[in-house]
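Chains as they are written, first to last, in the working numbering: chain Z, -15 to 169; chain P, -15 to 169. We put the CB at the ideal spot given by N, CA and C, even for glycine.
Number of protein chains: 2
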Amino acid sequence: MRTLYLFMMISLDGYFEGKNHDLSWHNANNEEFQNFVAKQNATIDTILMGKTTYEMMRDFWPSEDAQTTDPLTAEFMSTTKKYVFSHEPYEPKWENAETIHEDINVRVQALKEEPGKDIAIFGSNILAVSLMEAGLVDEFRIMINPIAIGAGTPLFHGITKPLQLSLTATTQFQSGNVLTIYKNT
Amino acid sequence: MRTLYLFMMISLDGYFEGKNHDLSWHNANNEEFQNFVAKQNATIDTILMGKTTYEMMRDFWPSEDAQTTDPLTAEFMSTTKKYVFSHEPYEPKWENAETIHEDINVRVQALKEEPGKDIAIFGSNILAVSLMEAGLVDEFRIMINPIAIGAGTPLFHGITKPLQLSLTATTQFQSGNVLTIYKNT
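Structure follows, in structure tokens:
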């Protein structure tokens, strides 16, 4: 079965986004991070996103700005299969994108059982929490940025019970980021 | 000048305490953690605490329970010099303890300039934030526990502006804890 992993950037004080969805504190503007992302992307062929994250991605990656500054990721984001999760029918308006609006857990379980590379959730906290609590997320890749931002939305906001995890790896980056990888216990 | 460091245990989702000051999720009940604490304690001769943390320590460490289960730390906590920070005059009622209730930043700066071992802040988020924002905390030792608790008080709760830090070391423990150490930039 394919691994479904969540990748999240968080601040040292545990927020995945600042006030007003601010992500400007992401310590990502360096070659080391780009190399990490390229390597990680090479292991997946499917991305799951909530509607908010999806629309940010859809508005950014096909833009001329993205094509110029990061053509490899722009190409990857457009050619990779994307599932956007919505409570209602939704027209995704991006190539290789499809909406899942009902039977979410069953559909995700079926995706995991299909042959193929791994599956990633990028950002999308509400979707992530829902799939986590259904036991469908196999791996948690949390990258801790070397900054405290003081306010925002905490990682896993909305979980209804404590989640005990099992640490499998830690990587320290030159940039000051720390990647911690956990599995479900 | 002596280093003033903050040591904090946090959950993966960034809380230093759960609801109602819950710390029962601390992944500390193992020999590896006890060895780490003993080694860390050997480098300090002074502890700074806010009144809430101080009273928890004062009520616990001299108890028979603590003397039996962890006599070394009990001895260390009683013999080490402790400063408790209070807005008003306060009778600390524990050996080697003294209250600082005014000119806090000046007093802490003076302590740092005295000869001796390093100085630690354990827990005490409000005190830590106040000293951090005054530029008096040199090092941040944040130990990330492998659990998401979903609610509580976030690390550095109350900071008034983002704090950019510089990562100096990462240590992965068998227990699943990750210790990250940062300096002020």
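When DSSP states are grouped into helix, strand and coil, V121(Z) belongs to the coil group. Proximity of F140(P) to chain Z, defined by a Cβ-Cβ separation below 9 Å, is satisfied.
Contact fails between the segment 122 to 140 of chain Z and the segment 1 to 21 of chain P, because fewer than three Cβ pairs, one in each stretch, are under 8 Å apart. For a Cβ distance threshold of 8 Å, residue set L139, F140, I143, P146, L147, L149 of chain P lies close to A132(Z), ordered along the chain. Taken atom to atom, the span from the alpha-carbon of S70(Z) to that of F140(Z) is near 19 Å.
Judged by DSSP in its simplified three-state form, F157(Z) adopts coil rather than helix or strand.
As DSSP reads the structure, Q148(P) sits in a beta bridge with I131(Z). For V162(Z), the neighbours in chain P by C-beta distance under 8 Å run, in chain order, L151, T154, V162, T164. Within the same chain, I105, A112, V121, F124 come within 6 Å of L(-10)(P) by CB-CB distance, once the 5 residues on both sides are set aside.
In this model, L147(Z) and M116(Z) are separated by some 9 Å (Cα to Cα).
Annotated as proximal: I133(Z) and D(-3)(Z), with beta-carbon spacing under 9 Å. Residues of chain P with a Cβ closer than 7 Å to the Cβ of D122(Z) do not exist; the shortest Cβ-Cβ separation is about 15 Å.
Contact of G107(P) with chain Z by beta-carbon distance below 9 Å is absent, the smallest such distance being about 15 Å. Residues of chain Z whose Cβ lies closer than 8 Å to the Cβ of I128(P) are, in chain order, I128, T164. In this structure, the straight-line span from the alpha carbon of S108(Z) to that of W45(Z) is close to 17 Å. Where E1(P) is concerned, there is no enclosing alpha helix (DSSP H), although the beta strand (DSSP E) around it starts and stops at -1 to 1. When rounded, the separation of the alpha-carbon atoms in L149(P) and W78(P) is 35 Å. If you compare the alpha carbons of N161(Z), T155(Z), Y166(Z) with that of G160(P), the shortest gap goes to Y166(Z). Against D(-3)(Z), the close residues of chain P are G(-2), P138, L139, F140, in the order they occur along the chain (beta-carbon pairs closer than 7 Å). Here the alpha carbons of N19(Z) and T64(Z) stand approximately 18 Å from one another. Across the structure, L32(Z) and A12(P) are spaced so that their CA atoms are roughly 36 Å apart. Around the Cβ of T37(Z), a 10 Å sphere holds 16 or more other Cβ atoms; the residue is buried. By the neighbour-count criterion, in which a residue is buried when 16 or more other Cβ atoms sit within 10 angstroms of its Cβ, T144(Z) is exposed. Annotated three-state conformation of F(-9)(P) is strand, per DSSP. With its beta carbon at least 9 Å from every one in chain P, I31(Z) lies outside the interface. For M33(Z), the beta-bridge partners assigned by DSSP are V68(Z). Counting along the chain, N168(P) sits inside the beta strand (DSSP E) bounded by residues 162 to 168. Taking 9 Å as the threshold, the shortest C-beta distance from W9(Z) to chain P falls below it. Separation of the CB atoms of K96(Z) and R(-14)(Z) is rounded to 5 Å, and the pair is thereby assigned contact status at 8 Å. DSSP places F140(P) outside both helix and strand once states are collapsed to three, so it counts as coil.
Contact between T57(P) and V68(P) does not hold, since their C-beta atoms are separated by about 18 Å, which reaches or exceeds 8 Å.
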